[in-house]
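In this note's numbering, the protein residues as written are 12 to 284.
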DNA sequence: AGTGGCCCCTGGCGGC
DNA sequence: TGCCGCCAGGGGCCAC
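Right, here's the structure in full:
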């Protein structure tokens, strides 16, 4: 599942891969729902002959800005990936959209078809709805405490809420709460200032560490998320996610799995209070 | 404000 | 071996 670290890795790879300055020659839409509500002709017309001038990330969105000022927002959701592929390489069954440059293609590949590409002149409609960027300087521990202390929802729910904080998904929510030694069912308002500060440190450490490892690639079904088609190396660092009934690395207590808001949640019942 | 249910999808996997 | 049915899960939407 691409979360902030995986999306950040994709953006960095697109930049170093030379996408900036590239002119779009043609666009193939192989699955119409992947481009939201736009007709494929409009989508294509908005992109062809355009040049990409920047690649940035906001939450889990990849934001490509074109020289006309139009934005292409890409959300990978569950199984999406963006890869640069040699122009002579054949298409894959699960390719959904192919943006063609002179010498290579930018391929949106998405087996489960949840991902979306949004061509818009108003990207702020999507991006401004998001909560703070967890790795920005203005997201301080005090800011997190301020956002938490009046919330009655459980922490797992809040961490997954993109309006509360942007970019965290199921893997890093569980890992963050383990690192902070806080139980996922605790409510926002129940946290002391010290606990909120510990959670802030855990969020930033978990995300930074995962970015360093180029993200997490889970073994089966979920594919790779780096734009070079490689597996991210963070999987071996996971402390609780998908470790149900195996011993906690700290105290040997079996990791428990519960469901919170339809999401599987993994934690150590001894370490996390 | 918070929660639960359902939907979108399909590969993978457990059960028989 | 082969088939069936369930599950995962980000996020939108709706009901309560």
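C-beta: ideal position from N, C-alpha, C; glycine also.
With contact defined as three or more Cβ pairs closer than 8 Å, the segment 114 to 129 and the segment 152 to 170 are not in contact. Per DSSP, reduced to three states, the secondary structure at residue 228 is coil, with no helix or strand assignment. In the same chain as residue 61, and ignoring 5 residues on each side of it, the C-beta atoms closer than 8 Å to its own belong to 34, 35, 77, 78, 79 and 81, in chain order.
Around the beta-carbon of residue 217, 16 or more other beta-carbon atoms lie within 10 Å, marking it buried. When the Cα atoms are used, residue 245 and residue 282 turn out to be separated by approximately 22 Å.
Our two residues, residue 253 and residue 277, have alpha carbons roughly 7 Å apart in a direct line.
Per the coordinates, the alpha-carbon of residue 267 lies some 6 Å from the alpha-carbon of residue 279.
Taking 8 Å as the cut-off, the Cβ atoms of residue 39 and residue 109 count as close.
Around residue 163, the same chain offers 198, 199 and 200 as residues with beta carbons nearer than 8 Å, after the five sequence neighbours per side are excluded.
Not a single unbroken stretch of the alpha helix (DSSP H) spanning 4 or more residues falls wholly within the segment 27 to 56.
CA-to-CA, the gap between residue 122 and residue 204 works out to about 43 Å. Under the 8 Å Cβ criterion, the segment 145 to 163 does not count as touching the segment 83 to 98, having fewer than three qualifying pairs.
For residue 57, the CB contacts under 7 Å within the same chain, skipping 5 residues up- and downstream, are 81 and 130 in chain order. Excluding the 5 residues flanking it on each side, residue 145 has same chain C-beta neighbours closer than 8 Å at 15, 176, 177, 178, 179, 214, 215 and 218, in chain order. If you draw a straight line from the Cα of residue 86 to the Cα of residue 127, it comes to about 5 Å. DSSP, read as helix, strand or coil, puts residue 74 in strand.
Apart from the 5 residues on each side of it in sequence, residue 259 sits with its Cβ closer than 7 Å to the Cβ of 266, 279, 281 and 282 in its chain, given in chain order.
The alpha-carbon of residue 30 is positioned some 11 Å away from that of residue 111. Taking all protein chains shown into account, residue 247 has fewer than 16 neighbouring C-beta atoms within 10 Å of its C-beta and is therefore exposed.
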